[in-house]
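Participant:
Number of protein chains: 4
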Amino acid sequence: MSTTDTPVHVPAVAAPNQPEVTPALEELYRGFEQELLVPLWTQIGDLMPERPNSHAAPHLWRWQNLRRLAEQAGEIVPVGRGGERRAIALANPGLGGRPFATPTLWAAIQYLMPGEDAPEHRHTQHAFRFVVEGSGVWTVVGGTGDTPAGDAVPMRRGDFLPQAGWNWHAHHNATTEPMAWIDGLDIPFQYLVESQFFQFGREQISEAERITPERSRSERLWGHPGLRPLSVGDVGPGSPLLAYKWEHTDAALSDQLLLERQGYGGTVEPGHAAVRFTNPHNGSDVLPTLRAEFHRIARGAQTAPVRETGSSVYQVFDGSGTVRVGDASWSVTRGDLFVVPSWEPFSATSEAGRTDSDSGALDLFRFSDAPVFEALRLDRQEITR
Amino acid sequence: MSTTDTPVHVPAVAAPNQPEVTPALEELYRGFEQELLVPLWTQIGDLMPERPNSHAAPHLWRWQNLRRLAEQAGEIVPVGRGGERRAIALANPGLGGRPFATPTLWAAIQYLMPGEDAPEHRHTQHAFRFVVEGSGVWTVVGGTGDTPAGDAVPMRRGDFLPQAGWNWHAHHNATTEPMAWIDGLDIPFQYLVESQFFQFGREQISEAERITPERSRSERLWGHPGLRPLSVGDVGPGSPLLAYKWEHTDAALSDQLLLERQGYGGTVEPGHAAVRFTNPHNGSDVLPTLRAEFHRIARGAQTAPVRETGSSVYQVFDGSGTVRVGDASWSVTRGDLFVVPSWEPFSATSEAGRTDSDSGALDLFRFSDAPVFEALRLDRQEITR
Amino acid sequence: MSTTDTPVHVPAVAAPNQPEVTPALEELYRGFEQELLVPLWTQIGDLMPERPNSHAAPHLWRWQNLRRLAEQAGEIVPVGRGGERRAIALANPGLGGRPFATPTLWAAIQYLMPGEDAPEHRHTQHAFRFVVEGSGVWTVVGGTGDTPAGDAVPMRRGDFLPQAGWNWHAHHNATTEPMAWIDGLDIPFQYLVESQFFQFGREQISEAERITPERSRSERLWGHPGLRPLSVGDVGPGSPLLAYKWEHTDAALSDQLLLERQGYGGTVEPGHAAVRFTNPHNGSDVLPTLRAEFHRIARGAQTAPVRETGSSVYQVFDGSGTVRVGDASWSVTRGDLFVVPSWEPFSATSEAGRTDSDSGALDLFRFSDAPVFEALRLDRQEITR
Amino acid sequence: MSTTDTPVHVPAVAAPNQPEVTPALEELYRGFEQELLVPLWTQIGDLMPERPNSHAAPHLWRWQNLRRLAEQAGEIVPVGRGGERRAIALANPGLGGRPFATPTLWAAIQYLMPGEDAPEHRHTQHAFRFVVEGSGVWTVVGGTGDTPAGDAVPMRRGDFLPQAGWNWHAHHNATTEPMAWIDGLDIPFQYLVESQFFQFGREQISEAERITPERSRSERLWGHPGLRPLSVGDVGPGSPLLAYKWEHTDAALSDQLLLERQGYGGTVEPGHAAVRFTNPHNGSDVLPTLRAEFHRIARGAQTAPVRETGSSVYQVFDGSGTVRVGDASWSVTRGDLFVVPSWEPFSATSEAGRTDSDSGALDLFRFSDAPVFEALRLDRQEITR
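Residue numbers (full-length UniProt numbering), protein chains in the order written: chain A, 1 to 385; chain B, 1 to 385; chain C, 1 to 385; chain D, 1 to 385.
1. Is Asn173(C) helix, strand or coil when you go by DSSP?
2. Residues of the region 226–253 of chain C in Cβ contact with chain B at a cutoff of 8 angstroms, in chain order, please.
3. Given that Gly223(B) touches chain C, what residues does it touch there, using C-beta distances under 7 angstroms?
4. Once you ignore the five residues that flank Glu209(D) on each side, which residues in its own chain have a CB closer than 7 angstroms to its CB?
5. What's the gap between the Cα of Ser254(A) and the Cα of Gly283(B)?
6. For Leu28(A), would you say it is in contact with chain B, using Cβ-to-Cβ distances shorter than 8 angstroms as the test?
7. Quick check on Glu344(B): buried or exposed, where buried means 16 or more other Cβ atoms within 10 Å of its Cβ?
8. Cβ closer than 7 angstroms: which chain A residues qualify as neighbours of Tyr264(D)?
9. Determine the extent of the alpha helix (DSSP H) in which Tyr111(D) is found, giving its start and end residues.
10. Compare the C-alpha of Phe294(C) against each of Ser231(B), Phe160(B) and Tyr191(B) and name the closest.
11. Taking Cβ positions only, does Ser54(C) come closer than 8 angstroms to chain D?
12. Measuring only between beta-carbons, confirm whether Met179(C) sits less than 8 angstroms from chain D.
13. Over the uninterrupted alpha helix (DSSP H) stretch that includes Trp222(C), give me the two end residues.
14. Quick one: is Met48(A) near chain B, going by C-beta distance under 8 angstroms?
15. Taking only the alpha-carbon atoms, compute the straight-line gap between Thr322(D) and Phe338(C) and give it to the nearest angstrom.
16. Could you pull the start and end residues of the beta strand (DSSP E) that His59(A) belongs to?
17. Would you call the CB atoms of Ser368(C) and Ser342(C) closer than 8 angstroms?
18. Looking at the unbroken alpha helix (DSSP H) that takes in residue 392(A), where does it start and where does it end?
19. For Gln196(A), is the classification buried or exposed, using 16 other Cβ atoms within 10 angstroms of its Cβ as the cut-off for buried?
20. Could you spell out where the alpha helix (DSSP H) holding Gly45(C) opens and where it closes?
21. How many angstroms separate the CA atom of Ile76(D) from the CA atom of Gln18(C)?
22. Provide the residue span of the alpha helix (DSSP H) that contains Ile187(C), from first to last.
23. Roughly how far, in whole angstroms, is the beta-carbon of Trp181(D) from the beta-carbon of Glu35(C), given that I think they are within contact range, below 8 angstroms?
24. Report buried or exposed for Asp358(D), applying the criterion of at least 16 other Cβ atoms within 10 angstroms of its Cβ.
25. Could you tell me the distance, in whole angstroms, from the CA atom of Gln199(C) to the CA atom of Val325(C)?
26. Looking at Thr212(C): is its Cβ nearer than 8 angstroms to the Cβ of Arg307(C)?
27. Just to confirm the assignment, what range does the alpha helix (DSSP H) spanning Phe373(A) have?
28. What would DSSP say about Leu378(A), mapped onto helix, strand or coil?
29. Helix, strand or coil for Pro16(A), going by three-state DSSP, please let me know.
30. Measure the Cβ-Cβ separation of Gly223(C) and Pro229(B) and say whether it is below 8 angstroms.
31. Assuming Glu194(D) contacts Pro99(C) under a Cβ cut-off of 8 angstroms, what Cβ separation, rounded to an integer in Å, is found between them?
32. Tell me which same chain residues have a C-beta within less than 6 angstroms of the C-beta of Ala107(A), skipping the five on either side of it?
33. Are the CB atoms of Arg85(D) and Gly74(D) within a distance shorter than 8 angstroms?
34. So who's on the other strand from Pro229(C), going by DSSP bridges?
35. On the DSSP bridge list, what partners appear for Arg299(A)?
36. Taking DSSP's pairing of strands, which residues face Gln199(C) in a bridge?
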């Protein structure tokens, strides 16, 4: 047992219809306190609200600020064993200063200087990387164990790289430029349910693992649409495909909008194309606890306001527009990150005035804890319009 | 957003290998604070420990104390709309005064006076009742909606009554004696992931629902071993069998010990019989987030120390013995409740000296969050001997 | 390759719109024949009918005739290695003299004289036994291998005993009376898809296996409603519960009719109670290829005519009444067996005039190939009224 | 009931240890015959063999012969309503002249003249098309119903086009050349289990459906690796991806052989690359009853002899080599088709002497009934070397 938490908890929402305070009641309550007991009737409003009343706040982080601070960290904070990663996490203002973007999700900017390595380790937390700008870093996955060498996975703008828990991994920046990207993990969820394991790996990756590949081995085995390699038997809990390349995501979204224009549907709603990154082995979410999606909102289109149980983090990948989360509303542009707490309505509008691109679409990367809710039958969704 | 939590979070476990504190670093950290960012490298020891390091403490609550305080509450705290239930919850000493037995589990003693009704409501939290002593209360499930009347489920010593989320339910004490039982729910888990919905139901249950049945309708449809009623099509997320009667549980455990004595195995380990309460529709756990089991440790037997990810609450149903949880050890007897935090080793020994029963076995009821861990592929188990 | 079938196949249903017979066409057809080719256009009416047009006929076998012939066989045909079982199978008049009750199902009366053993063997064919009269035989399952001795499963009137493929089994008649029962298997299905394996077992079962148990070990482990033994890990393709006792089946059916009379539904349709025998491990059908059900039609009730893809065999367990299968209609009584071919409408009426029983219900045991159809998404059902 | 089959069935394999023929036995057998009964003991050798003893024979059909006869049929047999398709099926010499390649599989060459249409229909039989040469035909799927127009799917050499049962479909040859391809269906299986439904569709497809698309709509929605369109909710029993293009199959196989050469495995065995066509929605086989795979055997490589329950049909797509099926052995070249009956060992060797291609690999398309066996837990496999 650690001693993190404050000793006394005062519920945020008082319960109605409390019994009259009498000496007998006060004595009863002292008895409860002495025996480490708490009555339901004083807590029910906080614990069992009519609908989710998230502790997390809708909040926006500007990419330019994240990027600037990450660059400063790159100058003065080394990367190495112990600290493990130069990752700087979003700390939701409603969550007590903890580095939790939402009650279940971790989102951080990671930054690697030219030639730097982030050391090998593994952990039960499920993770992914998403690249909003730059290229040149690759991630080596699975380098310890039976395989002669880890699988080097290059990272470029728009790429999505999932990595299921308990796989060894390291990072290497082979270029002469620093690189930043986004890490998403289920660190808060696993912190809450207390399922975490962690191990250090090798101090150095091998020379063979430093050679820049064009495609990872995982893509060569699993990256062909609808084709399963017969040489692979059992597959672990996450996707065996370690990189979802931007060219495919982009084409899939364009195809949906084109189908819509041709009168064949294909979009979620008018002007709103969307794909989910899925495990090619079984079609499930890429990770047991994390869902990842890409949404393209065509120029001038607006999504219907939707609220769902569970929380999401979005990053603007391209374009600009306006997003509404609960009562908040922000103009957003490339790289900006924001969170949608549980049951807060969300909608997005693509900015009509854009002219610097053919499409003018607002491209949003999203990740969420939806697989947790679906596996446990806790998912609900509602269009609030 | 509510404002429950303290604004600044200091991790319990400091991370090693921190960068040297310089004016530049201090300025960087001020920048992080201003932008609501937290670096991984100061938090990693707390967030990503080598193994689960539970915030919860092993702890024991004596039944006689619970029972005494519940009786006092019965005298002075009314049951009614708003407070909803006269339920008094275990508050783990490691969890900041919250009414959480473990980070994910709620356990409470509920108490109902002769003739009292606990009003109808429903909630997404999955729940069950387990009866360690007494009888005479029944629970009316599903009374609002299409069905002409709810299904009255009698409760007697040893009975286990699961109830999946979002089913209407009320309680009624038809006898001239008060009755106490244990409520188990996933309130903490749903509080953490923020999936809760709640609705008030009717103010009064109907007269028809006040008639004491011998068996509930659910038992008449689903309580025959291996036989599924063809009249029932789709079944919701939890077990359609609303009562697991003690006579069946007792017989199943006796049968296992007898098989063992006859040389045919049947037990988990020598002298240790155990059953899991399962959904007869599909064999899964009775509730999407909660597992319930019954363990019988024969006179003089001892269970191997096991540690698992996820947490459990145990109640001694019969017999007496010694239980060890992590570094703690307690002599326990009927009704005592204790918690096993994530990854703390647990073992139990039946007390050899008992003579007031043929068997002298230690009977333990257990519930846990194991279905959450299994659904999300986070389950691990280790025998520590 | 064996050479069973006739060399030339003439489809039963001629295809319409055939091309004009010319010398060129005749030469083409000779070319086809020479190259072992057959055109679709001459066969399509037979191969791809508008709806299933079963080769099997509705047919009834009278129990008294089966019983009489089985008794004769008991006198003159020994049971032993090679022939393996004194089993006499229903041969549907539409299926070319083969011992196939339907294209996929085998149904036979098996007969064992006092003191006789049917030798141990195993096969991939899934099997069950159902007892319409008598008792005194038991089946020893799993006697070879790791287990010290097989599990002796007693058989009594009304009991249903499933046995998944590739389990060793033998039979023993411990009484001074002969006994008859029904064997159901998927022999025709496995014959058609060619998946059969078979092995001889021990020549004699052990003395320990000859002791009459009250209940089998499987029932002691798996026969308690909703309770799973924790000592059992992986379970094979069929039900681990080897006997479904009549007392439970009877009670479940009575409970449904009682619920209906009390206004709570519970039956499939008015006066029609029904249960499916299911695998307590996962709620699925008891065997991968065979479904088994029990139907009770209350005195004077009539079931709606239903047709389904797939075929069934019924045995009258008790009562009497009238059954309609396609265009056929029969008065039936205890022990009578009949088949319902694919897509032939079936309904049953309980005989109102009965007085020799309180209930006067018509009790029907049914088995079918429905799991095959459901697993392969070929199931369809239609009420034809 | 139809009257296809011969009235008396003589088993191919006699059972041993028959009872001595006496007048009593003869009378008993006459009794059996009269009551439509057949004893197990005379049939067991045929019905329950030690291992599958397929009625089907290993057999080879030469593509040049098929092609020649199809061309002749193109000249003299019109395509139209009633006959439906100019399809000529392989009739296994062991299966009594029926157009069954194996007991469960249908394989036919289909031939369409320039400008011809094959009329729209639908059936429960699951189907696919595979193109060994030519291009210019497309298949219109789903043209009746809610969708304004069917989805036109172009067909080119190497393409694989699955189509789950009960989808409307037609074919159109838009070019000035005839085109031939292979149809694979589960016609024999559904004939045996009697699950077939069939309906005629429109007499003519629309003009919009005659426009040659570059890619089908299904490919634009589902053909991007690991990306699921969020606009599609429920998906039926088969793959929503209606074309698996050769470029992807070819690249996947090349990638595996390259990984092997680089020391990273990736192949099934040395020199043997293989992929399975899978449903991108859930990773399952493309059709509930049919599996489809592509195998590439590198120049000079040989596959280990494997036998499996269930049967397969192979077509040589490219290269040449030697294949062994049971006791048969054939030199094969482009387009040749052969069958592997249940439990017959199969191996293939690529011909070393080839020089007309860089790779010299033997490319084999394969389809089988494996999903049936796996769904019903009847699958077994053995390497016979």
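By construction, the Cβ of each residue, glycine as well, lies at the ideal position given by its N, Cα and C atoms. The structure presented is a predicted model; accordingly, all values stated were derived computationally and were not measured.
Facilitator: Quick look at the numbers:
1. strand
2. Gly226, Leu227, Arg228, Pro229, Leu230, Ser231, Ser239, Leu241, Tyr244, His248, Thr249, Ala251 and Ala252
3. Pro225
4. Val140, Gly143, Ala149, Gly150 and Ala152
5. 44 angstroms
6. yes
7. buried
8. Arg217
9. Per DSSP, Tyr111(D) belongs to no alpha helix (DSSP H); it is in the beta strand (DSSP E), Trp106 to Leu112.
10. Ser231(B)
11. yes
12. no
13. Arg217 to Trp222
14. yes
15. 52 angstroms
16. His59 to Trp61
17. no
18. Lying before the first or after the last residue shown, residue 392(A) is absent from chain A, which here runs from 1 to 385.
19. buried
20. Ile44 to Leu47
21. 12 angstroms
22. Ile187 to Val193
23. With a Cβ gap of about 18 angstroms, Trp181(D) and Glu35(C) do not count as contacting.
24. Low local confidence applies: a pLDDT of 46 at Asp358(D) is under 50, so the model's placement there is unreliable, with the coordinate-based value given in what follows. The residue in question, Asp358(D), is exposed, as its Cβ has fewer than 16 Cβ neighbours within 10 Å.
25. 38 angstroms
26. no
27. Ala370 to Ala375
28. coil
29. coil
30. no
31. About 18 angstroms; that fails the 8 angstroms criterion.
32. Leu90, Ala101, Gly184 and Val313
33. no
34. Val275(B)
35. According to DSSP, Arg299(A) bridges with nothing at all.
36. Arg122(C)
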